[in-house]
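Okay, so the sequence shown: first residue is 9 according to the working numbering, each after it adds one.
Presented below is the structure to which this report refers.
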Amino acid sequence: MKTLTHFLTLWLLLGSAKAQTLVNREWVAQYGLPDTMAWSASTADDSGNLYTTGNTFVLGSGADVLLTRYDPEGNLLWQQTYDHQGQNDYGVAILHHANGELTVAAALHDATDSFDVGLLRYDGSGNLLWSYIYDYQGGYDVPTALAEDAQGNLYVCAASLGSSSDLDYLTLKVKEDGTFEWMQSYDFAAGRDVPVSLVVDGNHITVTGASEDSTGQWDFYTVMYDANGTVQEAYRLDKPGLGFDEPTGIARDAAGNFYLTGRASDNGSTYYIQTVKLDAQLNLVWEVAYAHSGQDGATGLGLDSQGNVYVCGYLAEPTGQDLILLKYDPNGTLLWDRIET
9 MKTLTHFLTL WLLLGSAKAQ TLVNREWVAQ YGLPDTMAWS ASTADDSGNL YTTGNTFVLG
69 SGADVLLTRY DPEGNLLWQQ TYDHQGQNDY GVAILHHANG ELTVAAALHD ATDSFDVGLL
129 RYDGSGNLLW SYIYDYQGGY DVPTALAEDA QGNLYVCAAS LGSSSDLDYL TLKVKEDGTF
189 EWMQSYDFAA GRDVPVSLVV DGNHITVTGA SEDSTGQWDF YTVMYDANGT VQEAYRLDKP
249 GLGFDEPTGI ARDAAGNFYL TGRASDNGST YYIQTVKLDA QLNLVWEVAY AHSGQDGATG
309 LGLDSQGNVY VCGYLAEPTG QDLILLKYDP NGTLLWDRIE T
């Protein structure tokens, strides 16, 4: 039951962290029989080809990692599956590199009935070039986000069930050829700590997520590492009451400031959209809240060249969820909100 509780929490965070983009539909393509849609991701290249990762159910081996490539018209060009040890394996995040190669971060189920972090590298035709698997303390390690730096080094953050603590932040650096570089973990007060996203800028790797400081009390927690894995700065956003503070997105502007968004609560029952700006040293610049229905949340954010902040999210109404887009100026002033029912 303890493990189930841990991963229901993780599932909730991962599912809410998937940003949504509203576009005019041009085509729809379906492939495979997924075991779950909660862990899946996609990316595109400059030519308009779409790459997706997720999972598909395979008789005899359960769910396997699924990687697909579609052309701009939605035609399937190729697909590949990856099975670790005949257990359930899930593609979680994906990167398309400038040289045409792809990296997939996957949760790989091992023979000890736990998950390991998997990095799978493919060429542009879908051939597996190398795989790297990381198991921390023999427990559950589930990746949540993937990024790269200008040199092609890979960074992956994961939720890891420690041997003497609960879920912890786990951050890995792996070289372009799949060679391990370093690992850092973070645990606060032996509670549950789940990273959601990360950004890489120059020599800084910044990870943000949700961190529990007491039973039922969660906070935004952001930590910055240098290229060697040394902690440079850290910031914890505390909210009063017994709420659940759930970050879902992070971005960085040209001046080095960070922006976080997600949902927060002061009482554990009503939720609002929380957006935060931190300076390059992770000091708080401003924080703003947007409350509408009492069950509001953010799914992601973006920045424009003038420093304005755009937050997308949802509002829970009696008739269902509405979509919302918020625009803030660089000082955190709400310029407008748009609601789509």
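Don't be surprised by glycine CBs; every beta carbon is placed ideally from N, CA and C.
Candidates the options, of which the one nearest residue i by Cα
{"i": "Q282", "options": "Y144, L290 and H300", "result": "H300"}
{"i": "N275", "options": "R260, G257 and Q303", "result": "Q303"}
{"i": "G264", "options": "L245, D253 and G210", "result": "G210"}
{"i": "E220", "options": "G305, Y177 and L74", "result": "Y177"}
{"i": "V231", "options": "Q225, V125 and F266", "result": "F266"}
{"i": "L381", "options": "L333, Q192, Q225 and F65", "result": "Absent from the structure is residue 381, since the part of the chain shown begins at 9 and ends at 349."}
{"i": "N128", "options": "D121, Y163, D118 and A114", "result": "Just to set this straight, residue 128 is Leu in the shown sequence, not Asn. Nearest of D121, Y163, D118 and A114 to L128, Cα basis: A114."}
{"i": "Q93", "options": "L245, V112 and G70", "result": "G70"}
{"i": "Y336", "options": "T307, P326 and Y318", "result": "Y318"}
{"i": "T216", "options": "D227, Y144 and P203", "result": "P203"}
{"i": "D195", "options": "S173, T187, D143 and I213", "result": "S173"}
{"i": "I213", "options": "L245, D143, Q240 and G310", "result": "Q240"}
{"i": "L58", "options": "L286, L290, G68 and L84", "result": "L84"}
{"i": "T278", "options": "E325, I258, D287 and V293", "result": "E325"}
{"i": "D227", "options": "D261, A259, T187 and L268", "result": "L268"}
{"i": "S139", "options": "V293, D91 and D54", "result": "D91"}
{"i": "D72", "options": "A262, Q95 and A288", "result": "Q95"}
{"i": "Y229", "options": "G237, R260 and V284", "result": "V284"}
{"i": "Y148", "options": "L175, E156 and G237", "result": "L175"}
{"i": "G237", "options": "D201, S193, G146 and Y280", "result": "S193"}
{"i": "D54", "options": "V293, T61, D287 and H105", "result": "H105"}
Bridge partners - residue i, DSSP secondary structure assignment
{"i": "R260", "result": "F266"}
{"i": "K335", "result": "Y318 and W344"}
{"i": "V231", "result": "V215 and A242"}
{"i": "L116", "result": "D97 and D124"}
{"i": "Y78", "result": "L58 and L84"}
{"i": "A324", "result": "Q329"}
{"i": "G70", "result": "V66"}
{"i": "H104", "result": "L110"}
{"i": "T349", "result": "Its beta-bridge partners do not exist; DSSP assigns none."}
{"i": "D253", "result": "D253 is not bridged to any residue."}
{"i": "R176", "result": "Note that residue 176 is Asp in the sequence shown, not Arg. According to DSSP, D176 bridges with S168."}
{"i": "D209", "result": "H212"}
Rounded C-alpha distance that separates residue i from residue j
{"i": "A242", "j": "A235", "result": "16 Å"}
{"i": "Q329", "j": "Y322", "result": "6 Å"}
{"i": "G340", "j": "G270", "result": "15 Å"}
{"i": "Q159", "j": "E189", "result": "13 Å"}
{"i": "S359", "j": "T51", "result": "Not covered by the structure: residue 359. The range shown for the chain is 9 to 349."}
{"i": "R346", "j": "D185", "result": "45 Å"}
{"i": "S168", "j": "M191", "result": "12 Å"}
{"i": "D253", "j": "E348", "result": "25 Å"}
{"i": "T120", "j": "G99", "result": "20 Å"}
{"i": "V125", "j": "V182", "result": "12 Å"}
{"i": "L333", "j": "C320", "result": "5 Å"}
{"i": "T152", "j": "G82", "result": "27 Å"}
{"i": "K10", "j": "L180", "result": "Note that K10 scores 43 on pLDDT, short of 50, meaning its location in the model is unreliable; the coordinates nonetheless yield the value given after this. Their backbone Cα atoms lie some 26 Å apart in a straight line."}
{"i": "A166", "j": "Y142", "result": "11 Å"}
{"i": "P255", "j": "L136", "result": "33 Å"}
{"i": "L154", "j": "L116", "result": "15 Å"}
{"i": "P338", "j": "L206", "result": "21 Å"}
{"i": "Y233", "j": "Q88", "result": "34 Å"}
{"i": "V31", "j": "L331", "result": "Model confidence at V31 stands at a pLDDT of 43, short of 50, so the residue's coordinates are unreliable and nothing is read from them."}
{"i": "A3", "j": "G199", "result": "Residue numbering for the chain in the displayed model covers 9 to 349; residue 3 lies beyond these limits and cannot be assessed."}
{"i": "V208", "j": "S313", "result": "19 Å"}
{"i": "D110", "j": "I102", "result": "Contrary to the premise, residue 110 reads as Leu rather than Asp in this sequence. Answer to the nearest angstrom: the Cα atoms are 7 Å apart."}
{"i": "F123", "j": "N63", "result": "15 Å"}
{"i": "D118", "j": "Y130", "result": "21 Å"}
{"i": "L162", "j": "L342", "result": "36 Å"}
{"i": "L18", "j": "T307", "result": "Low confidence applies to L18: its pLDDT is 49, below 50, so where it sits in the model is not reliable enough to give any reading."}
{"i": "A259", "j": "N316", "result": "12 Å"}
{"i": "D261", "j": "L67", "result": "46 Å"}
{"i": "T76", "j": "Y298", "result": "38 Å"}
{"i": "N107", "j": "S273", "result": "44 Å"}
{"i": "A49", "j": "D246", "result": "30 Å"}
Limits of the unbroken beta strand (DSSP E) element including residue i
{"i": "S50", "result": "A49 to A52"}
{"i": "L311", "result": "D304 to L311"}
{"i": "N63", "result": "L58 to V66"}
{"i": "E109", "result": "No beta strand (DSSP E) holds E109; DSSP gives it neither H nor E."}
{"i": "Y298", "result": "L292 to Y298"}
{"i": "Q354", "result": "The structure shown does not extend to residue 354, since the chain is modelled only from 9 through 349, so no value can be given for it."}
Residue-level contact to chain C via CB, residue i, 8 Å cutoff
{"i": "D91", "result": "The displayed structure is made up of one protein chain only, and chain C is not part of it."}
Report task. Let me know the beta strand (DSSP E) ranges lying completely inside the region 180-206, each 3 residues or longer, listed in chain order. Result -> 188-194
Query raised in the report: Taking only runs of the beta strand (DSSP E) that begin and end inside the region 122-173, which ones reach a length of at least 3 residues, in chain order?
Result: 123-130, 136-142, 149-156 and 162-169
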